[in-house]
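Let me begin by presenting the structure, written as structure tokens, before commenting on it.
Numbering (my numbering), first residue to last: 209 to 907.
Here you go:
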């Protein structure tokens, strides 16, 4: 990883400096021609500076940069399908030969001997993406925005932040005085602590509560700092133990927070051995003594439960307003617990008093929740905290609230957000691209896959022009942390549903083609010591004409390996004009490439809607069904529910958030030419720049 890699991936830009040489024009032209194969080119500003370089430095730099682009598009490996002339061979071959080829491969590991035929040139002529010139401080600004914002880090964020922070002489200068996200805080502190780039005193200035310290222990153990999943705590060094015990010793009222997570703290205590330092840290030793002896402590949560059961509304709201964030999170439950309209109005009026003290992300969650609160939906969906790569769908039995109450809550939330945004820098006249309505807000990034472009889950992305959508998968078996994976078999499938989510058919290793739908599979590899690729081609007009609305891309681990335990595993999709022109893998046609690296064995990256010509971004994992083989057909019912959930999920859009900013900080206009601030794909704040969106518009 280097600065070039990060800037290109995050901002489609590069930072280079002017020199005093003269680059030969044929050399520059050759480089630009090679970039066209990836559907990229340089901006005029970049070209002008590169012309001042010498040839040797330029060649070395360009080779590295070309490798960066190849990695991002998935072109850094050899993609050779089972049927090497895919899709031609699969279209023409008869069923008997398919059967014999499969039998020979599965039993004797013999692949069909096929010469790769010469293909006509690729017919697609896509518009080139222009790589722009970055400013000198762009990389630092990106990292600062990632750190100084709400929410959680993607795994890629952590890698980028570590690279930049550890390259600084004084990385503390990039840290905010107060972190907006406790998760991000402990991850950053852990990186600096383990690299000895920060002192214990500096860390202590950030860890002010018992829960902060617990998160730090979890981070040191490579666990989930959201505290929503179990952590296997490491054996802390003596230095680490003394440091954590000393931190707890300085927090006078830590016990109430610790009791909420009594069992977790007891497990931490087993690694910290507080008894060994009871004389030096007596308060800490006493805290663990209380936890181990299960002494009863009256907590905030126990009071809330008690007052709800007693229907004591006055005491309940008096307690809730002490913690505005908790009040916001429990608001719907409290409203459902008191059904009288006067009681509900009183609850909402009390919440309005402290709404200004609720964080922006929580207010946005409230807006999202109440915006479609009473909609008639067959199922309700939600992502569990800490593992949003999973989606749960349950029957919609939620008790409806009065529309009047819902409107009051929404007005309070929007008014609070508007007042908060109004003190930010003026935007003047604002124009927003209507396509921003297709994108949800970038929440739940913790489990988001590394990808060519970061798309928030549930977003709808128009696919553009092209009749063929080609899905691809690559994986490799080998050593991971010194242990060999053994034989790995990953399968690529596409499952077809109609407009009512009824299963129609699928394309997979057991069904390589469907002539009626014009869909073809490149063939199944059952091991990958040198890497293996699988492809699926779908003819969009034919699917649509046959009543197939949803094509669900499914990646299944037949060999029962979790994706995170493989040396390499990624997938993506291309858009083509026809089946036969160009190579099987053409980097210029790649629309998205994403790593499969979660702890699941089934991944649903996306759903393709043939009727509306759009991709619905999912990036979800399913638990494997232990009663059946792990393939698409055995999971077709789960996929149908997931498809219904993702296609009917109603979330506030990026457009609505920016619209609120526009009204609060300026004036929304319909004429782009008269706008002072423009939100469009050609400007800075695109739907894929989540670092900007989260830091500037969601904090």
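Cβ atoms here follow ideal geometry from the backbone N, Cα and C, with glycine treated the same way. Everything numeric in this text was worked out from a predicted model, so none of it was measured.
- The secondary-structure analysis by DSSP pairs residue 250 across a beta bridge with 339.
- For the 8 angstroms CB-CB criterion, residue 254 and residue 349 do not form a contact.
- Taking each of 786, 610, 567, 486 in turn and checking the Cα distance to residue 546, the smallest one comes out for 610.
- Following the DSSP letters along the chain, one finds residue 619 inside the alpha helix (DSSP H) bounded by residues 611–630.
- Annotation: residue 775 to residue 764 spans about 16 angstroms, alpha carbon to alpha carbon.
- In this chain, residue 452 is not harboured by any beta strand (DSSP E); it is covered by the alpha helix (DSSP H) spanning 446–457.
- In this structure, the alpha-carbon of residue 238 lies about 31 angstroms from that of residue 894.
- Residue 720 and residue 726 have their alpha carbons spaced roughly 11 angstroms apart.
- Residue 711 sits in a strand when the DSSP states are folded into three classes.
- Straight-line spacing of the CA atoms in residue 771 and residue 460 works out to 44 angstroms.
- Excluding its 5 nearest sequence neighbours in each direction, residue 397 has C-beta neighbours in its own chain below 8 angstroms: 406, 411, 414, 415, 424, 427, listed in chain order.
- In the displayed model, residue 478 falls within a helix according to three-state DSSP.
- The Cβ atoms of residue 515 and residue 464 lie no closer than 8 angstroms to each other.
- By alpha-carbon distance to residue 747, the top candidate from 704, 322, 309, 766 is 704.
- Take the alpha-carbon of residue 769 and the one of residue 681: they are about 15 angstroms apart.
- Short of 7 angstroms from the beta carbon of residue 629, and not among the five residues preceding or following it, lie these beta carbons of its own chain, in chain order: 868, 869, 872, 873.
- Rounded to the nearest whole angstrom, the CA to CA distance from residue 362 to residue 702 is 27 angstroms.
- Within a 10 Å sphere around the beta-carbon of residue 393 sit 16 or more other beta-carbons, which makes this residue buried.
- The Cβ atoms of residue 289 and residue 731 sit closer than 8 angstroms to each other.
- Distance check between residue 692 and each of 663, 773, 632 places 773 closest, using alpha-carbon atoms only.
- Closest option to residue 656, judged by alpha-carbon separation, among 783, 805, 602, 220: 805.
- Here residue 649 is not near residue 828, since their CB atoms are 8 angstroms or more apart.
- If you look at residue 885, you'll find it in the beta strand (DSSP E) that goes 885–887.
- Per DSSP, residue 877 is not a residue of any beta strand (DSSP E), being assigned neither H nor E.
- With contacts defined by Cβ atoms closer than 8 angstroms, residue 472 and residue 639 do not form a contacting pair.
- Non-local beta-carbon contacts of residue 800 in its own chain, meaning distances under 7 angstroms to residues more than five positions away in sequence, involve 659, 660, 661, 780, 781 in chain order.
- Within the same chain, and ignoring the five residues on either side of residue 336 in sequence, the residues whose Cβ sits closer than 7 angstroms to its Cβ are 244, 247, 248, 249.
- Annotation: residue 537 is outside any beta strand (DSSP E); the continuous alpha helix (DSSP H) that includes it extends over 532–545.
- Residues of the same chain with a CB within less than 7 angstroms of the CB of residue 706, apart from the 5 flanking positions on each side, are 712, 755, 756, 757 in chain order.
- The three-state reading of DSSP puts residue 216 in helix, counting H, G and I together.
- In the DSSP assignment, residue 353 falls within the unbroken alpha helix (DSSP H) covering 346–355.
- Bounds of any alpha helix (DSSP H) do not take in residue 637; it lies within the beta strand (DSSP E) bounded by 636–640.
- Taking 8 angstroms as the cut-off, the Cβ atoms of residue 519 and residue 875 do not count as close.
- Within 10 angstroms of the beta-carbon of residue 314 lie fewer than 16 other beta-carbons, which makes it exposed.
- If you compare the alpha carbons of 234, 304, 903 with that of residue 651, the shortest gap goes to 903.
- The C-beta distance from residue 347 to residue 211 rounds to 6 angstroms, short enough to meet the 8 angstroms contact threshold.
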